[in-house]
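Take a look at the structure set out below.
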């Protein structure tokens, strides 16, 4: 009787009568299955979150590596771009007048309106506003003239060698029946100047002095009386 016939002749309800080889074989199969089940439950299930985290970290590290590799490959291009930005910034900075040049720039703005044929009703520089490395000087302007003269004024302002921007533009007829023949332009022109080193140092020293005085004043406050 061959092995296949012996397996077919085995009585599943009476395993005790099986030949030893088959009994030990069945015990071995059951042991392997139980071992695999225990390994899956106690090892695989517990270690699976760690494995998933490691896989996610691997993906993130690959992405970081690829990004850095691209940056490294384009390093020279980035350096050239940075140099171009520095040149552009320097050119723009040179368009900002110094403190001594502001009065002549104000004259240029006023003369631009007069050269366009406009009548100047108001030219009022406001208080200077300090920014990070520059100061902003707003100027309230009111001009009267026709449509084409107003257009010439705006074009003339844009053609100035220094940076001047126009804000809060309002155009209205001077009278009820004047139409486009005589218009009133209310506008705030803003010009800018760079802060010189001594001004920056003065501002920093003034801030430090104010903080020091404030601290001394706090220390001089009398202590609260104990009850």
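Residue numbers (our numbering): 5 to 231. For each residue, glycine too, the CB sits at the ideal point set by N, CA and C. All of these numbers come straight from a predicted model, not from anything done at the bench.
What first and last residue would you give for the beta strand (DSSP E) that runs through residue i?
i           : result
residue 145 : 138-149
residue 177 : 168-177
residue 189 : 187-198
Would residue i and residue j be called neighbours here (beta carbons separated by less than 8 Å)?
i           : j           : result
residue 91  : residue 125 : no
residue 178 : residue 102 : no
residue 119 : residue 155 : no
residue 138 : residue 187 : no
residue 143 : residue 130 : yes
residue 245 : residue 174 : The shown model of the chain, from 5 to 231, leaves out residue 245, and the question about it has no answer.
The alpha helix (DSSP H) that contains residue i, what's its start and end?
i           : result
residue 130 : Taken as a continuous stretch (DSSP letters only), residue 130 belongs to no alpha helix (DSSP H), as it is neither H nor E.
residue 107 : 106-119
At the level of alpha carbons, what is the spacing between residue i and residue j?
i           : j           : result
residue 109 : residue 116 : 10 Å
residue 127 : residue 114 : 8 Å
residue 104 : residue 112 : 14 Å
residue 34  : residue 42  : 12 Å
residue 39  : residue 45  : 10 Å
residue 72  : residue 198 : 37 Å
residue 31  : residue 52  : 30 Å
residue 2   : residue 36  : Look at the range of the chain in this structure, 5 to 231, and you will see that residue 2 is not part of it.
residue 151 : residue 180 : 16 Å
residue 88  : residue 77  : 19 Å
Assuming residue i and residue j are in contact, meaning their beta carbons sit under 8 Å apart, how far apart are those beta carbons, in whole angstroms?
i           : j           : result
residue 141 : residue 132 : 5 Å
Compare the C-beta of residue i against all C-beta atoms of chain B and say whether one is closer than 8 Å.
i          : result
residue 45 : This model lacks chain B altogether; it includes just one protein chain.
Measuring CB atoms only, is the stretch 188-197 touching the stretch 158-171, in the sense that at least three cross pairs come out at less than 8 Å? The stretch 188-197, when compared against the stretch 158-171, does touch it at the 8 Å Cβ threshold.
With a threshold of 8 Å, are at least 3 pairs of Cβ atoms found where one atom belongs to the stretch 109-129 and the other to the stretch 140-157? Contact between the stretch 109-129 and the stretch 140-157 is present, with at least three C-beta pairs closer than 8 Å.
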